[in-house]
Amino acid sequence: MSVKEQRDTGVIDKEDVRQNKPPMYNVIMINDDFTPMNFVVDVLTGIFNKSTDDANRIMLQVHKSGKGVAGTYTKDIAATKSEQAETFARNEGHPFKLTLEPV
């Protein structure tokens with residue numbers, strides 16, 4: 196069988212499959228006057244896997260500017276982490292809120 200005949204069989208040697216990256220979302224922490232700063236740091240280290248230094252930096256940003264980015268994830272992961280943080284806060288008696296914003 197010649198090379199031309201092999202190409203005409205419809206067999207694909209390499210398939211060019213390009214997948215679009217999923218849309219990303221920022222998890223935004225909203226400041227309130229009741230949730231303790233150390234609780235916010237605990238959420239950032241425990242749920243969002245931030246280092247203590249990064250968690251403190253983000254917590255201060257939330258405190259000073261009213262909000263801060265806890266992390267950037269695909270929509271499902273962002274929603275899950277946000278729900279985990281709010282559930283933890285409710286269980287501890289804090290009104291802590293988070294929102295999702297598309298990047």
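Mapped onto this note's numbering, the consecutive letters of the sequence shown carry residue numbers 196 to 298. Ideal Cβ placement from N, Cα and C applies to all residues, glycine included.
Find out if the Cβ-Cβ distance for the pair residue i, residue j is shorter than 8 Å.
| i | j | result |
| --- | --- | --- |
| Lys276 | Ile223 | no |
Would you mind giving the Cβ-Cβ distance between residue i and residue j, rounded to the nearest angstrom? I have them listed as a contact below 8 Å.
| i | j | result |
| --- | --- | --- |
| Lys292 | Glu278 | The Cβ separation is near 12 Å, so there is no contact. |
| Asn221 | Val264 | 5 Å |
| Thr269 | Met219 | 6 Å |
| His289 | Phe229 | 6 Å |
Expressed to the nearest angstrom, what Euclidean distance is found between the alpha-carbon atoms of residue i and residue j?
| i | j | result |
| --- | --- | --- |
| Phe274 | Pro217 | Per the sequence presented here, residue 274 reads as Ala, with Phe not at that position. Taking the straight line from one Cα to the other gives about 14 Å. |
| Asn251 | Arg213 | 39 Å |
| Lys259 | Val235 | 13 Å |
| Ser246 | Asn215 | 30 Å |
| Thr267 | Val257 | 16 Å |
Using DSSP with H/G/I as helix, E/B as strand and the rest coil, what is residue i?
| i | result |
| --- | --- |
| Lys262 | strand |
| Val222 | strand |
| Lys276 | helix |
| Pro294 | The sequence as given places Thr at residue 294; Pro does not occur at that position. Three-state result, Thr294: strand. |
| Thr230 | coil |
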